[in-house]
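S.K.: The listed protein sequences correspond, in order, to chains A and B. Quick note: the first sequence, position 69, residue 69 per my numbering, numbers continuous. Quick note: the second sequence, position 138, residue 138 per my numbering, numbers continuous. The C-beta atom is built at its ideal place from N, Cα and C for all residues, glycine as well. Before we start, here is the structure in question, set down as structure tokens.
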Amino acid sequence: MTDVRYGFVIDLRKCIGCHTCSVACKRENAVPLGVWRSWVKQVEKGSYPYVRKSFLPLLCNNCESPICVTVCPVKASYQRKDGIAMVDPHRCIGCRYCMAACPYDVRYINPLTPIVQKCDWCVHRLDQGLTPACVEACPTQARYIGNVRDPQSEVYRLIQSNPVMVMKPEMNTRPMVFYINADHLAMDARGGARWKTVHE
Amino acid sequence: MEDSARVIYNVPFVIPIGYLIAIYFYITGLHMGFYTTSVVATLLGKQEWKPIGKIGAVGALIVLAVAPIFLLVDLTQIFRFWHLFPYINLRSPITWGTFFLTAYPPIGLIYAWYVFRGNYRLAKIWGLCGFPVAVSVHGYTGFILALGAGRAIWNTSLNPILFLVSAMVSGLALIIIIINIRY
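Structure (structure tokens):
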């Protein structure tokens, strides 16, 4: 029997950009106003008449070799055996170095209890055998979560049988959120900046 | 034109490390410049350079007493700062810095004591002992940025050297200003 390593697959062919995942995440994890654990980036590309709007749901990638865990000076950030990077709320001193080091900018300071928090793929639900709130809420079932080491799982089948992309592979963090049919302009952090140099 | 995209909605990036840390980097840079200049002046031992050795030894202590205040105020959980001592992550430059910042003041005090007592033989020995610590106190801040892999411009291996060189220049400049005020 293989051990558990959670992986996330987002099928962008099905994503309609309704932001239900963002709302479900806020509701499940009581995320305060102004900060987000999971959100949907919207990108418009092309020029008339060839225009397309694409969506990119973003959340913590829970990387295989996370930079945030490496740089935390007090070991408040740690990685579970199943690969999910967590923050110990009683140990975090709020130096925000992990936020600066994260290439995906998914960490935030909770303004109410000023410590760093992040998307943890709803581990409290995963541990009880449920799926995360965003996966549960997605109306088109574009999000999948499962064990990437189990050949019987849906996630394993999707990753093996589809061309998948990860965010910023050049960072060598080995992220575990796999996007099917993602647009490179939407994945690129400089997408908006490049538009400014072209059009302004 | 086909390579253009417009971001309609995205959660804005919040700048995590703000001006307090920038000031802290600058102050530790001044500290390293002060200390290095002072030690060099002491080691070469010319009579007319002795005021420089004294200014540098005191300046380094004053500046390093101020620097950790900025670090503490920058923490969002200020009263948990003691977590830095028992919970050690040797891969994090902030942990290195905790111990360098703690190790410098005793060495710097002993050095300044001998410089002011005029015992230049012991001042040279203690100055040389404190030199690697003083360089590390500022050098680790370069590693903080260099190991913050998320920001492309920080993440270069030249960053610690850039920090050390600019620190040397800024410390020398401040000593020049102080000497000109004094006379």
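Please state the DSSP three-state secondary structure of K14/A.
M.R.: Residue state, collapsed to three classes: coil.
S.K.: So with Cβ pairs under 8 Å, would you call I153/B a contact of chain A?
M.R.: Not an interface residue.
S.K.: Can W126/B and Y140/B be called in contact, C-beta distance under 8 Å?
M.R.: Result no, Cβ atoms of W126/B and Y140/B do not sit closer than 8 Å.
S.K.: Flag this pair as touching only if the segment 30-50 of chain B and the segment 170-179 of chain B have three or more C-beta atom pairs under 8 Å; answer yes or no.
M.R.: Yes, the segment 30-50 of chain B touches the segment 170-179 of chain B.
S.K.: Provide the residue span of the beta strand (DSSP E) that contains K278/A, from first to last.
M.R.: The structure shown does not extend to residue 278/A, since chain A spans only 1 to 200, so no value can be given for it.
S.K.: Among all the DSSP beta bridges, which residues are the ones paired with N147/A?
M.R.: Beta-bridge pairing links N147/A to Y6/A.
S.K.: Out of F131/B, T95/B, I94/B, F163/B, state which residue places its alpha-carbon closest to the alpha-carbon of Y111/B.
M.R.: Checked all of F131/B, T95/B, I94/B, F163/B; the closest Cα to Y111/B is F131/B.
S.K.: Which of the three DSSP states, helix, strand or coil, is assigned to R6/B?
M.R.: DSSP places R6/B in strand when its eight states are reduced to three.
S.K.: Just to check my reading of the structure: Y87/B and V74/A have Cβ atoms closer than 8 Å, yes? What is that Cβ distance to the nearest angstrom?
M.R.: Contact flag correct, Cβ pair sits at about 4 Å.
S.K.: Does DSSP classify A85/A as helix, strand or coil?
M.R.: Of the three classes helix, strand and coil, the one that applies to A85/A here is strand, per DSSP.
S.K.: Between E48/B and T98/B, what straight-line distance do the alpha-carbon atoms span, to the nearest angstrom?
M.R.: Cα-Cα distance, rounded: 36 Å.
S.K.: Using the beta-carbon count (16 or more within 10 Å), is I153/B buried or exposed?
M.R.: It is exposed - the Cβ of I153/B has fewer than 16 other Cβ atoms within 10 Å.
S.K.: Helix, strand or coil for L112/A? Go by DSSP, reduced to three states.
M.R.: Reduced to three states, the DSSP call for L112/A is coil.
S.K.: What are the residues that DSSP puts in a beta bridge with P93/B?
M.R.: The partner list for P93/B (beta bridge, DSSP) is empty, contrary to what the question assumes.
S.K.: Taking C-alpha atoms, which residue in V106/A, I180/A, C18/A, G34/A lies nearest to R157/A?
M.R.: Comparing Cα positions, the closest option is I180/A.
S.K.: Got a sec, what are the start and stop residues for the alpha helix (DSSP H) P51/B sits in?
M.R.: First-last of the alpha helix (DSSP H) with P51/B: 50-74.
S.K.: Can you check whether the CB of I55/B is closer than 8 Å to the CB of I144/B?
M.R.: Not closer than 8 Å, so no.
S.K.: Under the rule that 16 or more other beta-carbon atoms within 10 Å means buried, what is A133/A, buried or exposed?
M.R.: The residue is buried, with at least 16 neighbouring Cβ atoms inside 10 Å.
S.K.: Do M167/A and M187/A come within 8 Å of each other at the CB atom, strictly closer than that value?
M.R.: In contact: M187/A and M167/A (Cβ atoms closer than 8 Å).
S.K.: For M171/A, go through chain D and note every residue whose CB falls closer than 7 Å to its CB, in chain order.
M.R.: This model lacks chain D altogether; the protein chains it does include are A and B.
S.K.: So if DSSP puts L56/A in a beta bridge, which residue, or which two residues, is it bridged to?
M.R.: In DSSP, L56/A forms a bridge with K41/A.
S.K.: Counting contacts by CB-CB distance shorter than 8 Å, is D120/A in contact with chain B?
M.R.: No, its Cβ sits nowhere closer than 8 Å to a Cβ of chain B.
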